[in-house]
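A.B. asks: Below is the structure I would like to discuss, written out as structure tokens.
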Amino acid sequence: MAIPESIVWLSPAWRRQFAGHVESIVRLAVPVVATRTGILILVAVDIAMTGRAGELELAYLSIGIAPQILLLLIGIGMLFGTAVLVSQADGAGEPHLCGRIWRLAAIHALGMGVVFGGLCFGGEWFFNMVGQESGVARGGGDVIAMFGWGMPAIFLAVATWLFLEGIGRPIPGMVVIIGANLLNALLNWLFIYGNLGAPEMGATGAVLATTIVRWVMAAVLVGYVLIMPGHDRYGVRGTMRGTWARARVFQRIGVPFAIAQGIEASAFSAVILFAGYIGTASVGGYQIAQNLIALAFMCAIGVGTATGVKVGNAVGRGDQAGVRWAGWTGTFVVAVVMIFAGVLFLGAPETLVGIYSQDAAVIAAAVPTVMVAAGITVFDGAQGVLMSALRGAGDIWIPVLFHCIAFWGFMVPAAALFAFTWGFGTPGLMLGAWVGVLIASILLALRFHLISNRPVRRL
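With the numbering used here applied, the sequence shown covers 1256 to 1714.
So this is what it looks like as structure tokens:
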């Protein structure tokens, strides 16, 4: 007897197809998750080691990180066309175009790095302008200025990571980030605390270590791409002839994604500034909770990257059903993973916070905030994967509008309402974040349902 369409998911053929899509996404996602988690562990180690240098040093680092992350995410958004175009070209059987796209991305990366690095030197002025206490503004300004020296390197590294992931080779990036974390911990030990005759620089020393590590990562990744097996097939050593023909498409993809990243990051930066108005302990406490969410979100980024690549491959093949399968399977996988993260946040907040700080005031602010964050994880992961799926499909401007609505229209006002008007303090800021990611996940799910039922169109 035929299985009714309404319960087609019970059929062995459907289950085999579903399992195949889960396996392909997980196989690509695991090393990507490891790489993205490694990137964030660099920040987590900086925060944890700086926290042991004192509450003020942690506040300087937390304030300085926020606008740097905004610039970083805008730049990464500009470079996301690398993954989209590379995966579509590879799926269409045109690997020789992939190297051209990488070279184009590398030039954009270095140019943005110089511009954004220059902006970092206005940090103290910015913090004073938005009303931060003068000492915090000065310390945070020193931190973000040090970040500026590494901006070209991190963008070049990101462009190369995206290229490697787009051709299905994420493992070299994972190996590089493991080595980078070991080097970063050693350099932190030297420059934060002044060991072995190095200057004792506190928060600024942590960022000096990160800057050195970023340049090392960029050099190693570029070196690998130039000598990797199959480099001739992908045309990575070619000249710039013919490369600029793709620049307009690259920028047409990158600009809206950069705006989307900027909208989300600036909204979260605004919430960090709200924490600064509550007090230095609130800044540290909220930053710890936010960093834990970001660590969990690395799973979403890994699954999202794999999903976006699979969607892009399907677009390159002209496979509409493949687009749907990749997008919804990725959303299912990330939901399962993020449930476990939420349970961990809810069950062991004191243990998690204790990794970062032993300061009683910071712990008091962080623990209830982490417990609130437990409710965010699934929705945050879903919106991240759905955004990547839409990127892989080449959907450009509507997701940007949805991000603006969710994060500035809902999250920032809700955070202010919960924290100040209703008096929930630091946990109230996280409640506002929960509202934002919930709205974003709903809107993006509706959009992907619409896009995945249209005929595919390659960029």
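Each residue gets a CB set at the ideal place from its N, CA and C atoms; glycine is no exception.
Can you tell me whether DSSP reads Pro1259 as helix, strand or coil?
C.D. replies: Mapped onto the sequence shown, residue 1259 falls at position 4. Bear in mind that the predicted position of Pro1259 carries a pLDDT of just 46, short of 50, making it too unreliable to give a figure here.
A.B. asks: Using a Cβ-Cβ cut-off of 8 Å (strictly less than) and excluding sequence neighbours within five positions of Asn1439, which residues of its own chain qualify?
C.D. replies: Walking along the sequence shown from the start, residue 1439 turns up at place 184. Within the same chain, Asn1439 has close Cβ partners Leu1297, Val1300, Asp1301, Ala1464, Thr1465, Val1468.
A.B. asks: Is it right to say Val1640 is buried, meaning 16 or more other beta carbons lie within 10 angstroms of its own, or is it exposed?
C.D. replies: Taking the sequence shown and counting its residues from 1, one reaches residue 1640 at position 385. With 16 or more other Cβ atoms within 10 Å, it is buried.
A.B. asks: To the nearest angstrom, report how far apart Gly1597 and Ala1284 are at their CA atoms.
C.D. replies: Position 342 of the sequence shown, counting from 1, holds the residue named residue 1597. Position 29 of the sequence shown, counting from 1, holds the residue named residue 1284. Cα to Cα, Gly1597 sits roughly 20 Å from Ala1284.
A.B. asks: Gly1309 to Tyr1611, Cα distance in whole Å?
C.D. replies: Locating residue 1309 in the sequence shown gives position 54, counting from the first residue. Locating residue 1611 in the sequence shown gives position 356, counting from the first residue. Approximately 11 Å, taken between the alpha carbons.
A.B. asks: With H, G and I counted as helix, E and B as strand and the rest as coil, what does DSSP make of Arg1307?
C.D. replies: For the purposes of this step, residue 1307 is taken as residue 52 along the sequence shown, with counting starting at 1. The answer is coil: DSSP assigns Arg1307 none of H, G, I, E or B.
A.B. asks: Is Val1504 near Leu1684, with beta carbons less than 9 Å apart?
C.D. replies: For this step, residue 1504 is matched to residue 249 along the sequence shown. For this step, residue 1684 is matched to residue 429 along the sequence shown. Taking 9 Å as the Cβ cut-off, Val1504 and Leu1684 do not qualify as a contacting pair.
A.B. asks: According to DSSP, is Asn1708 helix, strand or coil?
C.D. replies: Taking the first residue of the sequence shown as position 1, residue 1708 is located at position 453. Reduced to three states, the DSSP call for Asn1708 is coil.
A.B. asks: Can you check whether the CB of Val1526 is closer than 9 Å to the CB of Gly1664?
C.D. replies: Taking the first residue of the sequence shown as position 1, residue 1664 is located at position 409. Taking the first residue of the sequence shown as position 1, residue 1526 is located at position 271. Cβ distance not < 9 Å, so Gly1664 and Val1526 don't count as in contact.
A.B. asks: With a cut-off of 8 Å on the beta carbons, I'd call Met1429 and Thr1290 a contact; round off their distance for me.
C.D. replies: Here the question's residue 1429 lines up with position 174 in the sequence shown. Here the question's residue 1290 lines up with position 35 in the sequence shown. Their Cβ separation, rounded to whole angstroms, is 5 Å, which keeps Met1429 and Thr1290 in contact under 8 Å.
A.B. asks: Measuring only the C-alpha atoms, how far is Arg1702 from Asn1450?
C.D. replies: Within the sequence shown, numbered from 1, the residue matching residue 1702 stands at position 447. Within the sequence shown, numbered from 1, the residue matching residue 1450 stands at position 195. Arg1702 and Asn1450: Cα-Cα distance of roughly 53 Å.
A.B. asks: Restricting to runs no shorter than 4 residues, where is the alpha helix (DSSP H) found entirely within the stretch 1515 to 1574?
C.D. replies: Listed in chain order, they are 1535 to 1572.
A.B. asks: Return the chain-ordered list of same chain residues with a C-beta closer than 7 Å to the C-beta of Val1281, the five sequence neighbours on each side being excluded.
C.D. replies: Numbered from its first residue, the sequence shown carries residue 1281 at position 26. Here the set comprises Val1588.
A.B. asks: Nearest-angstrom Cα distance between Val1578 and Val1558?
C.D. replies: As a first step, residue 1578 is located in the sequence shown; it is residue number 323 there, counting from the start. As a first step, residue 1558 is located in the sequence shown; it is residue number 303 there, counting from the start. Between Val1578 and Val1558, the C-alpha separation is close to 15 Å.
A.B. asks: Considering only the beta carbon of each residue, do Gly1423 and Asp1487 sit closer than 9 Å?
C.D. replies: The residue you call residue 1423 lines up with position 168 of the sequence shown. The residue you call residue 1487 lines up with position 232 of the sequence shown. Taking 9 Å as the Cβ cut-off, Gly1423 and Asp1487 do not qualify as a contacting pair.
A.B. asks: From this set, Phe1679, Ile1432, Gly1585, Ile1594, which residue's C-alpha is nearest Ala1700's C-alpha?
C.D. replies: Along the sequence shown, one-based indexing puts residue 1700 at 445. Of Phe1679, Ile1432, Gly1585, Ile1594, the residue nearest in Cα terms is Gly1585.
A.B. asks: Between the Cα of Gly1691 and those of Thr1632, Trp1677, Gly1649, spot the shortest distance and give me the residue it belongs to.
C.D. replies: For the purposes of this step, residue 1691 is taken as the residue at position 436 of the sequence shown. Minimum Cα distance to Gly1691 is reached at Thr1632.
A.B. asks: Please state the DSSP three-state secondary structure of Gly1678.
C.D. replies: Taking the sequence shown and counting its residues from 1, the one referred to as residue 1678 is at position 423. Coil.
A.B. asks: What residue range is occupied by the uninterrupted alpha helix (DSSP H) comprising Gln1343?
C.D. replies: Within the sequence shown, the letter at position 88 stands for residue 1343. Its alpha helix (DSSP H) spans residues 1336 to 1346.
A.B. asks: Over the uninterrupted alpha helix (DSSP H) stretch that includes Ile1432, give me the two end residues.
C.D. replies: Taking the first residue of the sequence shown as position 1, residue 1432 is located at position 177. Here the alpha helix (DSSP H) through Ile1432 covers 1426 to 1446.
A.B. asks: So the candidates are Val1477, Asn1383, Gly1457, Phe1382; which of them puts its Cα closest to the Cα of Leu1716?
C.D. replies: The question about residue 1716 has no answer here: the residues shown for the chain are numbered 1256 through 1714.
A.B. asks: Does the Cβ-Cβ distance between Thr1337 and Cys1554 come in under 9 Å?
C.D. replies: Within the sequence shown, residue 1337 is the residue found at index 82, counting from 1. Within the sequence shown, residue 1554 is the residue found at index 299, counting from 1. Taking 9 Å as the Cβ cut-off, Thr1337 and Cys1554 do not qualify as a contacting pair.
A.B. asks: How long is the line joining the alpha carbons of Thr1560 and Ser1266, rounded to whole angstroms?
C.D. replies: The count along the sequence shown starts at 1 and reaches residue 1560 at position 305. The count along the sequence shown starts at 1 and reaches residue 1266 at position 11. Cα-Cα distance, rounded: 29 Å.
A.B. asks: Leu1404 and Gly1372 look like a contact to me (Cβ under 8 Å); what is the Cβ gap, rounded to whole Å?
C.D. replies: Looking up residue 1404 in the sequence shown gives position 149. Looking up residue 1372 in the sequence shown gives position 117. The sequence shown places Trp at residue 1404, rather than the Leu named in the question. The Cβ separation is near 7 Å, so the contact holds.
A.B. asks: For Ser1389, is the classification buried or exposed, using 16 other Cβ atoms within 10 angstroms of its Cβ as the cut-off for buried?
C.D. replies: As a position in the sequence shown, residue 1389 is number 134, starting the count at 1. Result: exposed.
A.B. asks: How many whole angstroms separate the CB atoms of Gln1542 and Ser1317, which I take to be in contact at a CB cut-off of 8 Å?
C.D. replies: Reading the sequence shown from its first residue, position 287 is the one you call residue 1542. Reading the sequence shown from its first residue, position 62 is the one you call residue 1317. About 4 Å; that satisfies the 8 Å criterion.
A.B. asks: Between Phe1335, Asp1650, Phe1382, which has its C-alpha nearest Ala1364's C-alpha?
C.D. replies: Locating residue 1364 in the sequence shown gives position 109, where the first residue counts as 1. That would be Phe1335, whose Cα lies nearest to the Cα of Ala1364.
A.B. asks: Decide yes or no for the touch test of the stretch 1311 to 1325 against the stretch 1397 to 1413: beta carbon pairs closer than 8 Å, at least 3 of them.
C.D. replies: Yes, the stretch 1311 to 1325 touches the stretch 1397 to 1413.
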